[in-house]
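Undergrad: Can you keep this structure in mind? I'll have questions shortly.
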Amino acid sequence: MVFHRYSFKRPAGWTKKKLSRLVALSPQDPTYIQLEKHFQDGWTHPKKPKPQVHAIFEIVLTEESLVAFLRYRALVEISRVPKHANEQLLFHGTSRSCSLGDEKTRTQLCKMAGCLLCSVIRNSFDVSKCGEYHSIVAFKSLLTCLTGKRHKFRRFGTGIYTTACSSKADDYFIGVPDSPFRAVLVNRVVVGNPLIRQYNAEEITELPFGYHSVVGVPGADLNYGETVVYNNDAIRPAYLIVYAADVPPEVHVADLRSILSTLFKTPVAAS
Ligand SMILES: [Zn+2]
């Protein structure tokens with residue numbers, strides 16, 4: 070699924086001096102509606118309830134960044150028959166140390182070293198930082214905090230990892246504890262000719278001639294698909310989707326009442 074609205078459309082009044090790279094989309098905007106559907110359709114983990122989308126932002130790229138991406142895309146395009154770059158909109162989850170996007174007016178990127186989300190929005194992806202971008206899943210993030218060691222497993226080697234499965238990208242999101250929201254990036258990815266893999270191949274550092282990406286398909290080593298590119302200019306962040314972090318709190322309250330009632334064999338009054 071590819072959207073043809075380019076992310077370099079700058080809103081009126083936007084200047085390079087302003088640090089904000091995010092423009093909130095209206096829920097009535099056709100792009101918002103398409104992206105929300107894309108996000109919900111991609112939420113395929115059966116045990117993870119579908120979250121409610123809170124806000125969607127368009128990411129404004131610098132001209133330099135956009136030109137480098139378009140140049141790479143054009144090269145892939147002319148190398149394929151038929152001439153098509155096979156660009157796809159894919160999800161990526163990472164860590165957020167600030168509350169970017171929690172409110173529609175919170176669009177200023179932070180400068181905290183651990184905030185990879187702001188770093189990607191500011192400078193796009195960097196293969197050399199692959200271990201940081203794709204290093205941590207929920208439980209292992211706790212180990213990372215405790216031990217200071219990052220998880221270095223890279224299923225398909227040193228590349229930039231994305232997925233069509235929003236609920237899988239969500240696994241890689243790490244936020245601040247006081248925020249009720251989570252966030253994933255939606256990226257324009259030049260997939261070109263994909264090398265299809267069912268099994269892990271951590272040794273990959275570059276692709277065989279004629280290929281532009283690795284697509285891992287479920288069935289053997291993977292439960293959910295992923296797409297990896299190895300060139301910084303093969304990908305640009307395009308949108309940020311912010312969504313509710315968990316089931317509504319009243320469910321927890323109801324569960325708590327039920328537990329207390331069972332423990333003490335007496336009904337607990339509703340507050
Ligand atoms: Zn930040």
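Taking the numbering used here, the leading residue of the sequence shown gets 70, the next gets one more, and so forth. Glycine included, C-beta positions come from ideal geometry on N, C-alpha and C. Model, not experiment: these values are computed from the prediction.
#1: Out of curiosity, what's the CA-to-CA distance linking lysine 117 and valine 129?
#2: Relative to the alpha-carbon of serine 134, which residue among Asn301, Asp315, Val311 has its alpha-carbon at the smallest distance?
#3: Is leucine 343 a contact residue of ligand 1, with contact defined as CB to any heavy atom under 6 Å?
#4: Please decide whether arginine 142 counts as near chain C, where near means a Cβ-Cβ distance under 7 Å.
#5: Report the rounded CA-to-CA distance for isoleucine 273 versus tyrosine 293, giving the unit in angstroms.
#6: Tell me whether glutamate 105 sits in a helix, a strand or coil according to DSSP, three-state version.
#7: May I ask you to verify whether the segment 219-239 touches the segment 105-116, counting CB pairs closer than 8 Å and requiring at least 3?
#8: Cα separation between isoleucine 243 and serine 164?
#9: Grouping DSSP H, G and I as helix and E and B as strand, with all else coil, what is tyrosine 312?
#10: Report the CB separation of valine 255 from arginine 266 in whole angstroms; it is logged as a contact under 8 Å.
#11: Ignore the nearest five residues each way along the sequence and tell me which others in glycine 217's own chain have a CB closer than 7 Å to its CB.
#12: Looking at ligand 1, does it come within less than 6 Å of leucine 169, judged from the CB to the closest heavy atom?
#13: When DSSP labels each residue in this structure, what does serine 89 get in the three-state scheme?
#14: Distance check for cysteine 187 and alanine 93, CA to CA, integer angstroms please.
TA: Let me spell this out:
#1: Taking the sequence shown and counting its residues from 1, the one referred to as residue 117 is at position 48. Taking the sequence shown and counting its residues from 1, the one referred to as residue 129 is at position 60. Taking the straight line from one Cα to the other gives about 31 Å.
#2: For the purposes of this step, residue 134 is identified with residue 65 of the sequence shown, where counting begins at 1. Residue Asn301 is the option with its Cα nearest to serine 134.
#3: Here the chain comprises residues numbered 70 to 340, so residue 343 is not present and cannot be evaluated.
#4: This model lacks chain C altogether, as it is built from one protein chain only.
#5: Here residue 273 is taken as the residue at index 204 of the sequence shown, counted from 1. Here residue 293 is taken as the residue at index 224 of the sequence shown, counted from 1. Computed Cα separation, rounded: 20 Å.
#6: Taking the sequence shown and counting its residues from 1, one reaches residue 105 at position 36. Helix, per DSSP.
#7: yes
#8: In the sequence shown, residue 243 corresponds to position 174, counting from 1. In the sequence shown, residue 164 corresponds to position 95, counting from 1. Straight-line Cα distance between these residues: approximately 4 Å.
#9: Against the sequence shown, residue 312 aligns to sequence position 243. Tyrosine 312: strand per DSSP, three-state reduction.
#10: Along the sequence shown, one-based indexing puts residue 255 at 186. Along the sequence shown, one-based indexing puts residue 266 at 197. Wrong, their Cβ atoms sit about 23 Å apart, outside the cutoff.
#11: In the sequence shown, counting from the first residue as 1, residue 217 sits at position 148. With a pLDDT of only 38 at glycine 217, under 50, the local geometry of the prediction cannot be trusted, and no value is derived from it.
#12: Here residue 169 is taken as the residue at index 100 of the sequence shown, counted from 1. Checking every heavy atom of ligand 1 against the Cβ of leucine 169, one is found closer than 6 Å.
#13: Taking the sequence shown and counting its residues from 1, one reaches residue 89 at position 20. Correct three-state label for serine 89: coil.
#14: Along the sequence shown, read from residue 1 onward, the residue named residue 93 stands at position 24. Along the sequence shown, read from residue 1 onward, the residue named residue 187 stands at position 118. Cα to Cα, the separation comes out at about 16 Å.
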